[in-house]
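Below: one structure, written as structure tokens.
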Amino acid sequence: MSSELETPSGAAAPRRSVRALTRLAGVTAFAATLVVGASAAAVAAPVPADDGVSAAADARPPRTTHGPCAYTETPDEPAARPVPLPPDPRRTPDRGSVRVTLSTNQGPIGLTLDRAAAPCTVQSFLHLVGKRFYDRTPCHRLTAYPTLSVLQCGDPSGTGEGGPGYRYGDELPTDLPPAPTDPTGVRRLYARGVLAMANAGPDTNGSQFFLVYADSALRPNYTIFGTVDAAGLATLDRIAAQGIAPTAEDPAPVDGAPAQPVTIRRAVRAHHHH
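Okay, so the sequence shown: first residue is 88 according to the working numbering, each after it adds one.
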């Protein structure tokens with residue numbers, strides 16, 4: 088699935104993208120699929136049914152876990168890398184923080200996950216870390232708009248369309264200040280250092296996430312589940328300074344693949360408790 092963020096002037100926000108078709112269409116389609124929200128639906132071409140395959144998938148309803156997080160299989164969007172559904176105990180852990188380090192080829196990115204802010208998201212993210220879903224995966228998208236400055240990661244396929252083969256509900260922030268750049272008051276401040284989930288619309292969280300390296304203005308439609316540490320921000324600043332890979336259509340893009348490829352070599356959970 089693809090994950091997107093809505094971006095300025097109809098550009099794509101961090102979103103999970105609309106599968107497969109754009110893969111061959113090159114960069115212009117790549118940009119289009121990254122947008123979140125209604126425009127994404129308009130941009131994405133319909134996905135043809137795979138005869139036989141989809142019929143088999145339709146034969147039984149998608150499995151959903153029985154706990155409060157209700158992680159649900161997405162047969163139409165199979166996992167980019169095989170992984171089981173997360174555990175979903177009757178009481179989702181919702182207190183304390185957990186440290187995870189993304190060891191990347193550009194330097195370490197330390198994360199502090201906040202269970203109270205987004206318990207189901209943290210539970211899923213730690214599950215994917217533990218199953219090594221994020222190991223040896225690219226960060227496929229860098230944006231440098233004045234109002235959207237993020238690095239987006241978490242898709243093993245590197246297309247912006249891959250996910251874990253399941254989805255789950257939003258745990259949206261309710262207390263973000265208005266973005267000073269948005270006179271309408273609709274967009275909120277996703278501040279430098281925020282860690283949030285990309286999505287493809289309401290309740291479509293999967294594995295893709297984004298790291299905010301400069302204050303950004305977004306509708307409060309993206310679950311915030313932690314923060315990036317100082318060393319991680321230094322790594323993000325280095326990545327951002329190297330810019331976005333130019334293309335034939337756009338020699339100076341503000342949205343696209345990082346000019347210097349970024350790879351998460353390993354994602355590791357720290358096991359001491361806070």
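Here a beta-carbon is modelled for each residue, glycine too, at the ideal position from N, C-alpha and C. Computed from a predicted model, the values in this text were never measured in an experiment.
Entirely within the stretch 174 to 232 and at least 4 residues each: give me those alpha helix (DSSP H) ranges in chain order.
Runs of the alpha helix (DSSP H) inside the stretch 174 to 232: 206 to 217.
Does T208 pass the burial test, meaning 16 or more other C-beta atoms within 10 Å, or should it be called exposed?
The sequence position of residue 208 within the sequence shown is 121, counting from 1. Around the C-beta of T208, 16 or more other C-beta atoms lie within 10 Å, and the residue is accordingly described as buried.
State the CB to CB distance for the pair G250 and S294, rounded to an integer number of angstroms; the pair is presumed to be in contact (CB under 8 Å).
On the sequence shown, position 163 is the one that residue 250 refers to. On the sequence shown, position 207 is the one that residue 294 refers to. Yes, they are in contact, since the Cβ atoms of G250 and S294 sit about 5 Å apart, within 8 Å.
Considering T322, what are the terminal residues of the alpha helix (DSSP H) in which it resides?
For the purposes of this step, residue 322 is taken as residue 235 along the sequence shown, with counting starting at 1. Element bounds for T322: 317 to 328.
Per DSSP, which one or two residues make a beta bridge with Q239?
Here the question's residue 239 lines up with position 152 in the sequence shown. Its beta-bridge partners are R228, F297.
Using the rule of at least 16 other Cβ atoms within 10 Å of the residue's Cβ for burial, across every protein chain shown, is P176 buried or exposed?
Looking up residue 176 in the sequence shown gives position 89. The residue is exposed, with fewer than 16 neighbouring Cβ atoms inside 10 Å.
For T314, the three-state DSSP class (helix, strand or coil)
Taking the sequence shown and counting its residues from 1, the one referred to as residue 314 is at position 227. Here DSSP, grouped into helix, strand and coil, assigns T314 to strand.
Could you check the C-alpha separation between R110 and A344 for me, to the nearest Å?
Counted from its first residue, the sequence shown places residue 110 at position 23. Counted from its first residue, the sequence shown places residue 344 at position 257. For R110, the predicted model reports a pLDDT of 33, less than 50, meaning its position is unreliable; a value from the coordinates is still stated below. Those two C-alpha atoms are separated by around 14 Å.
For P155, name the three-state secondary structure that DSSP assigns.
For the purposes of this step, residue 155 is taken as residue 68 along the sequence shown, with counting starting at 1. Judged by DSSP in its simplified three-state form, P155 adopts coil rather than helix or strand.
Just the Cα atoms here: how many angstroms apart are H358 and F297?
Here residue 358 is taken as the residue at index 271 of the sequence shown, counted from 1. Here residue 297 is taken as the residue at index 210 of the sequence shown, counted from 1. Rounded to the nearest angstrom, the two C-alpha atoms are 23 Å apart.
Between G376 and L282, is the Cβ-Cβ spacing less than 8 Å?
Not covered by the structure: residue 376. The range shown for the chain is 88 to 361.
For T350, collect the residues of the same chain with a Cβ closer than 8 Å to its Cβ; drop the 5 residues on either side in sequence, then sort them by chain order.
Within the sequence shown, residue 350 is the residue found at index 263, counting from 1. Excluding sequence neighbours, T350 sits near T191, N192, R223, T224, P225, C226.
Return the CA-CA distance between L215 and P333, expressed in angstroms with no decimal places.
Here residue 215 corresponds to residue number 128 of the sequence shown, with the count starting at 1. Here residue 333 corresponds to residue number 246 of the sequence shown, with the count starting at 1. So the alpha carbons of these two residues sit roughly 32 Å apart.
G247, buried or exposed, once every other Cβ within 10 Å from all chains shown has been counted against 16:
Residue 247 sits at position 160 when you count from the first residue of the sequence shown. Around the beta carbon of G247, 16 or more other beta carbons sit within 10 angstroms, so the residue counts as buried.
According to DSSP, what are the bridge partners of S303?
As a working note, residue 303 is residue 216 in the sequence shown. Looking at the DSSP assignment, S303 forms a beta bridge with Y277.
Does the separation of the CB atoms of P307 and L263 fall below 8 Å?
Counting from 1 along the sequence shown, the entry for residue 307 is found at position 220. Counting from 1 along the sequence shown, the entry for residue 263 is found at position 176. Yes, the pair counts as a contact, with Cβ atoms nearer than the cut-off.
Less than 8 Å between the CB atoms is what I'm expecting for G330 and A354, so what's the real figure, rounded?
Walking along the sequence shown from the start, residue 330 turns up at place 243. Walking along the sequence shown from the start, residue 354 turns up at place 267. That belief does not hold up - the Cβ atoms of G330 and A354 are roughly 25 Å apart, past 8 Å.
Apart from the five residues just before and just after P340, which ones in its own chain have a Cβ nearer than 7 Å to its Cβ?
Sequence index remark: in the sequence shown, residue 340 carries index 253 (1-based). These residues qualify, in order along the chain: I331, P333, T334.
Count the other CB atoms within 10 Å of the CB of T322; is the residue buried (16 or more) or exposed (fewer)?
As a working mapping, residue 322 is identified with position 235 in the sequence shown. Flag for T322 reads buried.
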